[in-house]
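There are 2 protein chains.
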Amino acid sequence: MATLKQVAAHAEVSVQTVSNALNAPHRLRADTLERVNRSIELLNYRPNRNARSLRTSAVELIGYCVPNWPHQTHLVMDQFLHALCAAAERTGRHILLFTAPPGVDGMPTYDDLHARRMVDGFVLSQTETHDPRHGWLKDEGIPFVSFGRVWKESTQPGPWVDVDGATGSAIAVRHLYDTGRRRIAFLGWPKSSGLAEDRVAGWRTACKELGLPTNGMAVRCREDSIEEGALATARLLDSGRDLDGIVALSDVLALGALRELTARGIVPGRDVGVVGYDDSPLAEVVSPGLTSLRQPMDRIAEELITILTGDQQPAERLLLPELVIRGSSAPG
Amino acid sequence: MATLKQVAAHAEVSVQTVSNALNAPHRLRADTLERVNRSIELLNYRPNRNARSLRTSAVELIGYCVPNWPHQTHLVMDQFLHALCAAAERTGRHILLFTAPPGVDGMPTYDDLHARRMVDGFVLSQTETHDPRHGWLKDEGIPFVSFGRVWKESTQPGPWVDVDGATGSAIAVRHLYDTGRRRIAFLGWPKSSGLAEDRVAGWRTACKELGLPTNGMAVRCREDSIEEGALATARLLDSGRDLDGIVALSDVLALGALRELTARGIVPGRDVGVVGYDDSPLAEVVSPGLTSLRQPMDRIAEELITILTGDQQPAERLLLPELVIRGSSAPG
DNA sequence: CTGAAAGCGCTTACAG
DNA sequence: CTGAAAGCGCTTACAG
Numbered sequence: 001m002a003t004l005k006q007v008a009a010h011a012e013v014s015v016q017t018v019s020n021a022l023n024a025p026h027r028l029r030a031d032t033l034e035r036v037n038r039s040i041e042l043l044n045y046r047p048n049r050n051a052r053s054l055r056t057s058a059v060e061l062i063g064y065c066v067p068n069w070p071h072q073t074h075l076v077m078d079q080f081l082h083a084l085c086a087a088a089e090r091t092g093r094h095i096l097l098f099t100a101p102p103g104v105d106g107m108p109t110y111d112d113l114h115a116r117r118m119v120d121g122f123v124l125s126q127t128e129t130h131d132p133r134h135g136w137l138k139d140e141g142i143p144f145v146s147f148g149r150v151w152k153e154s155t156q157p158g159p160w161v162d163v164d165g166a167t168g169s170a171i172a173v174r175h176l177y178d179t180g181r182r183r184i185a186f187l188g189w190p191k192s193s194g195l196a197e198d199r200v201a202g203w204r205t206a207c208k209e210l211g212l213p214t215n216g217m218a219v220r221c222r223e224d225s226i227e228e229g230a231l232a233t234a235r236l237l238d239s240g241r242d243l244d245g246i247v248a249l250s251d252v253l254a255l256g257a258l259r260e261l262t263a264r265g266i267v268p269g270r271d272v273g274v275v276g277y278d279d280s281p282l283a284e285v286v287s288p289g290l291t292s293l294r295q296p297m298d299r300i301a302e303e304l305i306t307i308l309t310g311d312q313q314p315a316e317r318l319l320l321p322e323l324v325i326r327g328s329s330a331p332g
Numbered sequence: 001m002a003t004l005k006q007v008a009a010h011a012e013v014s015v016q017t018v019s020n021a022l023n024a025p026h027r028l029r030a031d032t033l034e035r036v037n038r039s040i041e042l043l044n045y046r047p048n049r050n051a052r053s054l055r056t057s058a059v060e061l062i063g064y065c066v067p068n069w070p071h072q073t074h075l076v077m078d079q080f081l082h083a084l085c086a087a088a089e090r091t092g093r094h095i096l097l098f099t100a101p102p103g104v105d106g107m108p109t110y111d112d113l114h115a116r117r118m119v120d121g122f123v124l125s126q127t128e129t130h131d132p133r134h135g136w137l138k139d140e141g142i143p144f145v146s147f148g149r150v151w152k153e154s155t156q157p158g159p160w161v162d163v164d165g166a167t168g169s170a171i172a173v174r175h176l177y178d179t180g181r182r183r184i185a186f187l188g189w190p191k192s193s194g195l196a197e198d199r200v201a202g203w204r205t206a207c208k209e210l211g212l213p214t215n216g217m218a219v220r221c222r223e224d225s226i227e228e229g230a231l232a233t234a235r236l237l238d239s240g241r242d243l244d245g246i247v248a249l250s251d252v253l254a255l256g257a258l259r260e261l262t263a264r265g266i267v268p269g270r271d272v273g274v275v276g277y278d279d280s281p282l283a284e285v286v287s288p289g290l291t292s293l294r295q296p297m298d299r300i301a302e303e304l305i306t307i308l309t310g311d312q313q314p315a316e317r318l319l320l321p322e323l324v325i326r327g328s329s330a331p332g
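Line by line, the protein sequences give chains A and B.
Using UniProt numbering, read the first sequence as starting at 1 and increasing by one per residue.
Using UniProt numbering, read the second sequence as starting at 1 and increasing by one per residue.
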């Protein structure tokens, strides 16, 4: 394994010059640069990252805590990780994965990784209401950026990127409206999470703007399962509200809606338009395919990395979800 | 940020002694050790990992390429990543994520990460038939271990861990048999992947051992979707074979089976027992829950890390899947 | 059991 | 534009 010194000897220049050829090529005369590059190629030289990091005290590694959460939450995690990894690589960085206990108990792990100079900073996700991590990291002066807001806090510590759930629901409602739907229900969650409230609020606002009924059209499911989505849909149908559109807070709930509709001989897409959330792998594997609001993972990842590796000035980015249209919301 | 030198000064010993306190505490006298540890604690000292890695030329980082594949393949990836991460941490290591083109085009990326000393070795997964990575890495002398066999190769380069699909299918068949099923079909894939052949072979063998019919009971689906699983099930039912059990090559196909059965008024679990593969997040989110063969992710990860960080002698571990029993295979 | 010293492979002011 | 030298923070034979 060649070292800088060997390359320098081979090219008959100083190590400084080789280092410059790699990190500040503009400082070299063209002919010197070419000679050095030839030696680099010939010796198949690859700079030792640890030596560089020791000197510069930057490791070009970003910590990301792999969550160990209920299965449903994970459905879309792979897309995020891939996007995050690709975005990091575009800046010459990589993602270091680690596990940590949830909440404040996990903070020593974050601190340790940073103190040992194993990462330069962190990307946080799976943000919870009153997530303690943001304030903790900010107080410690550890760089981070959050995917998702710490909801209900008026002023959130540190920079974040998030997706506008309210506008997402509004997009879904308008899409259903455009395909001829006039009685559009909403399937939500019980727990008053910021995310859930955001999404239901968008549905309500959009319906009112379009002059559509909202009274009794929103149902809270007890948990995020197909079964609960089906039960909630059944309740709506039984209440005689004669709905022709459904926006669900998650793809899993939407699948429940599809199942219940189909079981009653109501054809999703023809008789009732259905839209889910997050464009999980499920959405394209069912038939008809499920129309769903996709979080723009590539944009999200790009913004996260840009903010984290940038000048760390307060940054807050609210991105729009994209409606991925499939058979479940075909014009009626 | 305290350094080794500062700790040594504070404890009034040499840096060598502090280093030993951390890496070979048995070399110190008890009272010295305690004094050093007090100083470490007091100064909140955390050794700089880059300096250590530079010296020892080991980074304690394991490379893992995040696949960018069809969605279905990913359903179970989170479980694997979490398990892998946890297993690595138990040995003081971490996972470094990266992206690379598939096949041989990705090899320079692997080589580069290793040459720059950013990782000590690799865990390979998503193994394909004739996967070129194993031979390439072995030739380069880069440490790695594979999750999944390079099928059809009689002798595979490098160590691997895999799950015994044939025995898995046999377990499923016997479970269905024990719950009273006597006509057990198999839903498979078209492409003759090693994995698929392994699983269908196990089904066939087990059926024959139990004296169950296999003729015309195995169907190949065109792709891994709910729709195709449903269509295949419909074909089986229409062929008048009067089946009472189904083993599917994937949870997605099994969901298709559940859907088609339900659509025909056949109750899964009561009338027909259904078993899927891989215990994906889908399995517990449907109703009835889907019985499925779970790959023992924690064991797999543990073995992978042990082999990779061990003495690298040829290691081949074939683990058994575990049957996770849910409502879809309730006794008839 | 403990210490002084060399060295891992880089980068970066500083001179020339 | 190029070079000699110091130093990042560790570990590890080697002496004592």
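Glycine included, C-beta positions come from ideal geometry on N, C-alpha and C.
Same chain only: Cβ atoms within 7 Å of residue i, ignoring 5 sequence neighbours per side
| i | result |
| --- | --- |
| isoleucine 266(B) | Val272 |
| glutamine 156(A) | His134, Arg149, Val150 |
| alanine 172(B) | Val247, Val275, Leu293, Leu323 |
Residue i classed as buried or exposed, judged by whether at least 16 other C-beta atoms fall within 10 angstroms
| i | result |
| --- | --- |
| glycine 310(A) | exposed |
| histidine 114(A) | buried |
| aspartate 105(B) | exposed |
| methionine 1(B) | exposed |
| serine 239(A) | exposed |
| glutamate 41(B) | exposed |
| asparagine 44(A) | exposed |
| aspartate 31(A) | exposed |
| proline 159(B) | buried |
| arginine 264(B) | exposed |
| residue 336(A) | Lying before the first or after the last residue shown, residue 336(A) is absent from chain A, which here runs from 1 to 332. |
| glutamate 209(B) | exposed |
| threonine 56(B) | exposed |
| arginine 199(A) | buried |
Contact with chain A by residue i, beta-carbon distance below 7 Å
| i | result |
| --- | --- |
| phenylalanine 98(B) | yes |
| aspartate 251(B) | no |
| asparagine 215(B) | no |
| glutamate 260(B) | no |
| serine 53(B) | yes |
| valine 145(B) | no |
Beta-carbon spacing of residue i, residue j below 7 Å
| i | j | result |
| --- | --- | --- |
| glycine 121(A) | proline 143(A) | yes |
| aspartate 278(B) | arginine 183(B) | no |
| alanine 283(A) | aspartate 251(A) | yes |
| alanine 257(B) | glycine 229(B) | yes |
| valine 145(B) | tryptophan 203(B) | no |
| alanine 21(B) | leucine 4(B) | no |
Cβ of residue i within 7 Å of any chain B Cβ
| i | result |
| --- | --- |
| residue 347(A) | Summary: the structure shown does not reach residue 347(A), with chain A confined to residues 1 through 332, and so no result is reported for it. |
| glutamate 322(A) | no |
| valine 163(A) | no |
| threonine 128(A) | The sequence shown places glutamate at residue 128(A), rather than the threonine named in the question. No - not a single Cβ of chain B is within 7 Å of the one on glutamate 128(A). |
| arginine 294(A) | no |
| alanine 330(A) | no |
| serine 287(A) | yes |
| valine 66(A) | yes |
Residue i CB to nearest heavy atom of the ligand ATP below 6 Å
| i | result |
| --- | --- |
| serine 39(B) | Although the ligand ATP was asked about, the structure shown includes no ligands whatsoever. |
Same chain only: Cβ atoms within 6 Å of residue i, ignoring 5 sequence neighbours per side
| i | result |
| --- | --- |
| serine 328(B) | Pro268, Gly269, Val274, Pro288, Leu290, Thr291 |
| tryptophan 151(B) | Thr129, Gly194 |
| phenylalanine 80(A) | Met297 |
| leucine 176(A) | Ile184, Gly245, Gly273 |
| alanine 11(A) | Arg35, Val36, Ser39 |
| lysine 138(A) | Pro157, Gly158 |
Same chain, Cβ closer than 8 Å to residue i, neighbours up to 5 away in sequence not counted
| i | result |
| --- | --- |
| threonine 262(B) | Pro268 |
| alanine 196(A) | Gly188, Trp189, Leu249 |
| proline 68(B) | First, the amino acid is wrong: residue 68(B) is asparagine here, not proline. Result list for asparagine 68(B): Thr99, in chain order. |
Can you give me, in chain order, the residues of the region 265-281 of chain B that have a beta carbon less than 9 Å from any beta carbon in chain A? Ser280, Pro281
Please name the residues in the region 14-48 of chain A whose beta-carbon is closer than 7 Å to at least one beta-carbon of chain B, in chain order. Arg46, Pro47, Asn48
Which residues of the region 72-98 of chain B have a Cβ closer than 7 Å to any Cβ of chain A? Give them in chain order. Gln72, His74, Leu75, Met77, Asp78, Leu81, His82, Cys85, Ala86, Glu89, His94, Ile95, Leu96, Leu97, Phe98
Quick one: which residues of the region 222-236 of chain A get their C-beta closer than 7 Å to a C-beta of chain B? List them in chain order. Ser225, Ile226, Glu227
With 7 Å as the C-beta to C-beta threshold (strictly closer), list the residues of the region 108-123 of chain A near chain B in chain order. Asp112, Ala115, Arg116, Arg117, Met118
Which residues, in order along the region 294-308 of chain B, keep a beta-carbon less than 7 Å from a beta-carbon of chain A? none
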